[in-house]
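Reviewing the structure listed below.
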Amino acid sequence: MKELSLNILDITENSVKAGASLTSIIIDEENNVLKLTIQDNGSGMSEEILKGVTDPFYTTRTTRKVGMGLPLLKLAAEQTGGSMTVESVSIVDDPLSHGTKVEAMFYQDSIDATPLGDVVSTICTLIQGHPDTDFYFRHRILNQDKDILVEMDTRQIREVLDGVPLNEYEVIKWIEEYLNEQYAGPDDTEQDVT
Amino acid sequence: MKSLAELQKIKARMQDRVVLREGSGDIRVVVGMATCGIAAGARPVLNEFVKDVSEEGLSDKVTVSQTGCIGICQYEPVVEIFEADKEKVTYVKMTAEKAKEVVEKHLKGGSVVEQYTIGAYQS
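If you read the protein sequences in the order shown, they are chains A and B.
Counting in this note's numbering, the first sequence runs from 1 upward without gaps.
Counting in this note's numbering, the second sequence runs from 1001 upward without gaps.
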């Protein structure tokens, strides 16, 4: 993958496929360390599947059960000196509290670090494809020159929209601009109003 | 800054239109968004279709959606176009530029862009 944001898109698609009604995507950047957490309330995985999910050559399958998505994310993290872990509770083992949590850590000053890329595009693509699923997104960037917090919750947007699908183009465009403006930081010219 | 009040206005504007549109959508554009598609560059292709279909005023008859791996990973990004009473058209090795052309010529103009179809690559 050319951008980590594409890994994020890919992994989150798994959450949606696992029947998650809510998936959280949390990116924490502090100086040269980037932590990524993708957590869902989907059907989860059995221990046996979980064991093999990061190994592209492990299989007990006759039909495809695991893909290349997690191995690629793991590779992207480990080649910077970082790591990736996956925790999962299967719906079979716990019908009330189940889901999967993928955590990855990257050293961004590594020469082999993949750039984060266009996260806004990833979020918009997810909402476009899965308008009935909820996504919570938070991205914190903290370093010497920056202290930015970008946040979005489709549950809140859904409430305002009151039945209008989230994948209407005007809504997607609004979300795109809403996120981009948060990345740009507060506009000085408008700040005096309040 | 974008506010939720502005979103409220979009809602008011869309609510009538959405009701009208239900049940239509004669043409389906489906973009492969599995690991293989995403790695090959499907995200900008999808976003170009979404943007152009809306901006060209085709939203009433065209829906753009995403799907998983369809098994021809070496040809990704793959886009399939389904239209009632017509044979499925499979576009391969797509880019945002090609997507723009497909919207213009195929979705708007009604003629398949043969050189981007899987048939053109296999022969």
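Don't be surprised by glycine CBs; every beta carbon is placed ideally from N, CA and C.
Q) When we look at the beta-carbon of N32(A) and count the other beta-carbons within 10 Å, is it buried (16 or more) or exposed? A) Along the first sequence, one-based indexing puts residue 32(A) at 32. Exposed, by the Cβ-count rule.
Q | Where the beta strand (DSSP E) containing E103(A) begins and where it ends | A | Here residue 103(A) corresponds to residue number 103 of the first sequence, with the count starting at 1. Note, E103(A): beta strand (DSSP E), 99 to 107.
Q: Indicate the three-state DSSP secondary structure (helix, strand or coil) for S88(A) in the structure shown.
A: As a working mapping, residue 88(A) is identified with position 88 in the first sequence. Strand at S88(A).
Q) The beta strand (DSSP E) spanning G1032(B) covers which residue range? A) Along the second sequence, one-based indexing puts residue 1032(B) at 32. From DSSP, the beta strand (DSSP E) with G1032(B) extends over 1027 to 1032.
(Q) Which same chain residues end up closer than 8 Å to M84(A) when comparing Cβ atoms and leaving out the 5 residues on each side of it in sequence? (A) Position 84 of the first sequence, counted from the first residue, corresponds to residue 84(A). Correct list, in chain order: T54, L70, L73, K74, A77, E78, V102, E103, A104, M105.
Q. Do the CB positions of I1118(B) and T1090(B) come within less than 8 Å of each other?
A. Working through the second sequence from its first residue, we reach residue 1118(B) at position 118. Working through the second sequence from its first residue, we reach residue 1090(B) at position 90. Yes.
Q: Within its chain, find whatever has a CB closer than 8 Å to the CB of A1120(B); leave out the 5 residues flanking it on each side and keep chain order.
A: As a working mapping, residue 1120(B) is identified with position 120 in the second sequence. The residues are E1114.
Q: Could you pull the start and end residues of the beta strand (DSSP E) that Q144(A) belongs to?
A: On the first sequence, residue 144(A) is found 144 positions in, with the first residue counted as 1. No beta strand (DSSP E) holds Q144(A); DSSP gives it neither H nor E.
Q.
Please confirm whether V119(A) has its beta-carbon closer than 8 Å to some beta-carbon of chain B.
A. By 1-based counting over the first sequence, the position of residue 119(A) is 119. Judged by the 8 Å Cβ criterion, V119(A) is not in contact with chain B.
Q) What does L9(A) reach in chain B if we use C-beta pairs closer than 7 Å? A) For the purposes of this step, residue 9(A) is taken as the residue at position 9 of the first sequence. By Cβ distance, chain B contributes I1038, R1043.
Q: Would you check if the distance between the CB atom of D109(A) and the CB atom of S5(A) is smaller than 8 Å?
A: For the purposes of this step, residue 109(A) is taken as the residue at position 109 of the first sequence. For the purposes of this step, residue 5(A) is taken as the residue at position 5 of the first sequence. No.
Q. What separation, rounded to the nearest whole angstrom, lies between the Cα atoms of Y1075(B) and E3(A)?
A. Here residue 1075(B) refers to the residue found at position 75 when the second sequence is read from its first residue. Here residue 3(A) refers to the residue found at position 3 when the first sequence is read from its first residue. Looking at the two C-alpha atoms, the distance is approximately 20 Å.
Q: Alpha carbon to alpha carbon, how far is Q1066(B) from V1030(B)? Give it in angstroms, no decimals.
A: As a working note, residue 1030(B) is residue 30 in the second sequence. As a working note, residue 1066(B) is residue 66 in the second sequence. Between V1030(B) and Q1066(B), the C-alpha separation is close to 5 Å.
Q) For chain A, is any of its Cβ atoms less than 8 Å away from the one on S1111(B)? A) Here residue 1111(B) refers to the residue found at position 111 of the second sequence. Not an interface residue.
(Q) If you follow the alpha helix (DSSP H) that D40(A) is in, where does it begin and where does it stop? (A) Translated into positions along the first sequence, residue 40(A) becomes position 40. It is not in any alpha helix (DSSP H) - D40(A) instead sits in the beta strand (DSSP E) that spans 33 to 40.
Q.
Buried or exposed for V1079(B), going by 16 or more other Cβ atoms inside 10 Å?
A. As a working mapping, residue 1079(B) is identified with position 79 in the second sequence. It is buried - the Cβ of V1079(B) has at least 16 other Cβ atoms within 10 Å.
Q: Assess, as a yes-or-no matter, whether the segment 42 to 50 of chain A is touched by the segment 91 to 100 of chain A under the definition of 3 or more beta carbon pairs within less than 8 Å.
A: yes
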